[in-house]
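To keep things clear, I will list the structure first and then write my remarks on it.
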Amino acid sequence: MALGSSAPEILLSLIETVSLGFEAGELGPGTIVGSAAFNLHIIIAICVAAIPELNKENPQEESGMRTVYEFGVFLITSGASLIAYL
């Protein structure tokens, strides 16, 4: 899925690099980084939308809430992601 969604950007960057004599142009790196950021946000949005809603009639069933058990790992990952995209 990741290759399929990023293939146009990768090919565009590859064509530009080859046409410029194997030097990075203006389009290549920005295209790939922007595509990665967009894909990351879309995948997160789909995952959040896929969480089932809270069943108010029977709370023992699958709820719409998720618990982060390894909160330290979550903080490190989210902090690194924020720094990477600033």
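All the letters of the sequence shown, read from the start, carry residue numbers 12 to 97 under the working numbering. Glycine included, each C-beta is placed from N, C-alpha and C at the ideal position. Fair warning: this is a prediction, and the values are worked out from it, not measured in the lab.
1) How many angstroms separate the CA atom of residue 47 from the CA atom of residue 32?
2) Any idea what DSSP makes of residue 20, helix, strand or coil?
3) Please classify residue 24: is it buried, with 16 or more other beta-carbons within 10 angstroms of its beta-carbon, or exposed?
4) What's the C-alpha gap between residue 51 and residue 68?
This is what the structure gives:
1) Working through the sequence shown from its first residue, we reach residue 47 at position 36. Working through the sequence shown from its first residue, we reach residue 32 at position 21. When rounded, the distance between both Cα atoms is 25 Å.
2) Here the question's residue 20 lines up with position 9 in the sequence shown. Three-state DSSP puts residue 20 in a helix.
3) Translated into the one-based positions of the sequence shown, residue 24 becomes position 13. Buried: at least 16 other Cβ atoms inside 10 Å.
4) What you label residue 51 is simply residue 40 of the sequence shown in a count that begins at 1. What you label residue 68 is simply residue 57 of the sequence shown in a count that begins at 1. Residue 51 and residue 68 have their C-alpha atoms spaced approximately 34 Å apart.
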